[in-house]
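K.L.:
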Amino acid sequence: MATKKSTFSASAKARSSLTPWLGIAAIVILLDQITKITVERLFVYGEERVVTSFFNLVLAYNRGAAFSFLSNESGWQRYFFTAIGIIAVVFIITQLRKNAGQRMFCWAMALIMGGAIGNVIDRLAYGHVIDFLDFHFGSLGHFPAFNIADSAIFIGAVLFIYDELRRVNKN
Numbered sequence: 373m374a375t376k377k378s379t380f381s382a383s384a385k386a387r388s389s390l391t392p393w394l395g396i397a398a399i400v401i402l403l404d405q406i407t408k409i410t411v412e413r414l415f416v417y418g419e420e421r422v423v424t425s426f427f428n429l430v431l432a433y434n435r436g437a438a439f440s441f442l443s444n445e446s447g448w449q450r451y452f453f454t455a456i457g458i459i460a461v462v463f464i465i466t467q468l469r470k471n472a473g474q475r476m477f478c479w480a481m482a483l484i485m486g487g488a489i490g491n492v493i494d495r496l497a498y499g500h501v502i503d504f505l506d507f508h509f510g511s512l513g514h515f516p517a518f519n520i521a522d523s524a525i526f527i528g529a530v531l532f533i534y535d536e537l538r539r540v541n542k543n
């Protein structure tokens, strides 16, 4: 009986330690999908609205990955990047379970996971990712359009690198 109780306690503890990180990922997914749906309804493909001298909202579709990598391929990239996103989510969940006590690491993983799921949803539902944030800087031109999911992935990656550098410097 004691073995079963400790197994249950360990299982319950693992689930509860995952809960906040899954919640953060869910918030990212929700914000990402709400903003994409809103832009889809308010804009026509390619339409651009000036917000500031360096920022526009624009409805753009990306069939590839970051910076439109492989976007001009025949369509196989949709399934390839969807598979990568799903594999990443499974890997992240295992890492969250193993490293539940490392808060910055878990924040990073939760943000990356939420962003990955947000873009996987787009790929499965539409065959492309909806982008709408368009920054531009004078003679440098326009940065490729992106979305909330991409932003979460980027912030998560920065946190991950910072956490790793901090950990290395402690040793």
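Everything in the sequence shown is counted per this note's numbering, starting at 373 for the first residue and increasing by one.
The beta-carbon is built from N, C-alpha and C at its ideal position, and this holds for glycine as well.
(1) If we ignore side chains and look at the alpha-carbon of each, how far apart do Ile525 and Val400 end up?
(2) With a threshold of 6 Å on Cβ separation, who are the neighbours of Ala521 within its own chain once the five nearest residues in sequence on each side are excluded?
(3) Going residue by residue through the stretch 396-467, where are the continuous beta strand (DSSP E) segments of at least 3 residues, counting only ones entirely within it?
(4) Secondary structure at Phe518, three-state DSSP: helix, strand or coil?
(5) According to the neighbour-count rule (16 or more other Cβ atoms, all chains shown, within 10 Å of its Cβ), is Trp393 buried or exposed?
(6) Counting only the same chain and skipping the five closest in sequence on each side, list residues whose C-beta sits under 6 Å from that of Val411.
(7) Can the beta-carbon of Asn434 be found closer than 8 Å to that of His508?
(8) How is Gly513 classed by DSSP in three states: helix, strand or coil?
(9) Among the candidates Cys478, Ser511, Leu468 and Ile456, whose CA atom is the shortest distance from the CA of Asp535?
(10) Taking Leu483 as the reference, give the member of Ala529, Lys542 and Tyr417 with the closest Cα.
P.N.:
With the structure as the only source:
(1) Against the sequence shown, residue 525 aligns to sequence position 153. Against the sequence shown, residue 400 aligns to sequence position 28. Ile525 and Val400 have their C-alpha atoms spaced approximately 10 Å apart.
(2) For the purposes of this step, residue 521 is taken as residue 149 along the sequence shown, with counting starting at 1. The residues are Asp404, Gly487, Gly490 and Asn491.
(3) Taking 3 residues as the minimum length, the beta strand (DSSP E) runs contained wholly in the stretch 396-467 are 420-422 and 427-434, in order along the chain.
(4) Taking the sequence shown and counting its residues from 1, the one referred to as residue 518 is at position 146. Three-state DSSP puts Phe518 in a strand.
(5) Position 21 of the sequence shown, counted from the first residue, corresponds to residue 393. Classification for Trp393: buried.
(6) Residue numbering aside, residue 411 sits at position 39 when the sequence shown is read from its first letter. Residues of the same chain with a CB within less than 6 Å of the CB of Val411, apart from the 5 flanking positions on each side, are Leu431 and Phe504 in chain order.
(7) Your numbering for residue 434 matches position 62 in the sequence shown. Your numbering for residue 508 matches position 136 in the sequence shown. Contact: no.
(8) Numbered from its first residue, the sequence shown carries residue 513 at position 141. Of the three classes helix, strand and coil, the one that applies to Gly513 here is strand, per DSSP.
(9) As a first step, residue 535 is located in the sequence shown; it is residue number 163 there, counting from the start. Asp535 has its Cα closest to that of Cys478, out of Cys478, Ser511, Leu468 and Ile456.
(10) Walking along the sequence shown from the start, residue 483 turns up at place 111. Residue nearest to Leu483 within the set Ala529, Lys542 and Tyr417 is Ala529 (criterion: CA-CA distance).
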